[in-house]
Amino acid sequence: MIKEVIVVEGKDDTASIRRAVHADTIETGGSAIDRGTIERIRLAQERRGVIIFTDPDHAGERIRKIISSKVPGCKHAFITVEEAKLKDDIGVENASPAIIVRALERVRTEFSGMKTDIGWEHLIQAGLISHPRAAERRLELGKILGIGYCNGKQFYKRCTMFAITMDEFNAALTEMDGDGYV
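Shown next as structure tokens:
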């Protein structure tokens with residue numbers, strides 16, 4: 001059983017999580033998260049910890065940000081659009097049990113007020129910003145680091161939020177294209 005409570009968007013996500021692992025969930029019911037849901041998430045965070053596991057789309061990212069801003073110190077699990085896609089539908093409910101287990105094995109804890117050695121210039125030199133294939137590179141590096149896909153600004157924020165070290169960053173770059181930044 002997973003100790004933390006997993007926060008998902010809806011009932012189908014809960015069913016998918018439970019096919020993969022034994023865990024308790026809190027469903028947000030979409031991106032209009034009410035005060036009662038935030039309070040349940042806050043209580044779960046205080047007593048057991050929380051893993052936010054939302055869809056890899058705009059609405060899922062919005063939910064993730066709302067919860068993170070109201071309940072600090074949450075853990076985050078990410079899957080890619082490809083892992084969550086079934087026909088034209090994108091969601092955690094479409095992910096296989098193996099994908100869900102892998103995402104939960106790679107959770108990242110957010111740290112507020114943390115600093116990282118990774119600067120904007122590192123992202124530019126690594127081809128993650130201002131590069132013809134920047135989005136594709138961020139997608140791949142986000143998979144390797146377990147921080148999901150996002151735009152350049154959010155990628156930098158996630159490196160800071162999850163306290164990604166320069167060693168982790170370089171190892172991921174090396175895995176992606178054979179040579180690290182430094």
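Per the working numbering, the sequence shown starts with residue 1, numbered consecutively. Heads up, the beta-carbon is just placed ideally off N, CA and C, and yes, glycines get one too.
Does DSSP put residue i in a helix, a strand or coil?
i: Glu-121; result: helix
i: Ile-17; result: helix
i: Asp-57; result: coil
i: Asp-34; result: coil
i: Arg-108; result: strand
i: Lys-153; result: helix
i: Val-7; result: strand
i: Ile-100; result: helix
i: Ile-129; result: coil
i: Met-176; result: helix
i: Ile-66; result: helix
i: Asp-88; result: coil
Please classify residue i as buried or exposed, where buried requires at least 16 neighbouring CB atoms within 10 angstroms.
i: Glu-105; result: exposed
i: Asp-55; result: buried
i: Gly-119; result: exposed
i: Ala-23; result: buried
i: Glu-46; result: exposed
Locate the beta strand (DSSP E) running through residue i, then write down its first and last residues.
i: Ile-26; result: 25-27
i: Ile-51; result: 50-52
Is the beta carbon of residue i less than 8 Å from the beta carbon of residue j?
i: Leu-128; j: Ala-134; result: yes
i: Ile-52; j: Ile-67; result: yes
i: Val-5; j: Ile-17; result: no
i: Val-101; j: His-76; result: no
i: Leu-139; j: Glu-168; result: no
i: Gly-49; j: Glu-27; result: no
i: Thr-25; j: Thr-14; result: yes
i: Phe-78; j: Ile-124; result: no
Span of the alpha helix (DSSP H) holding residue i?
i: Val-81; result: 81-84
i: Ile-144; result: 134-145
Taking 7 Å as the cut-off, is the beta-carbon of residue i closer than that to any non-hydrogen atom of the ligand FMN?
i: Ala-84; result: Questions concerning the ligand FMN fall outside what the structure shown contains, since it holds no ligand whatsoever.
My guess is that residue i and residue j are in contact by the Cβ rule of under 8 Å, so how many angstroms apart are they, rounded?
i: Thr-116; j: Cys-74; result: The pair is not a contact, with the Cβ atoms about 18 Å apart (cut-off 8 Å).
i: Ala-126; j: Leu-173; result: 6 Å
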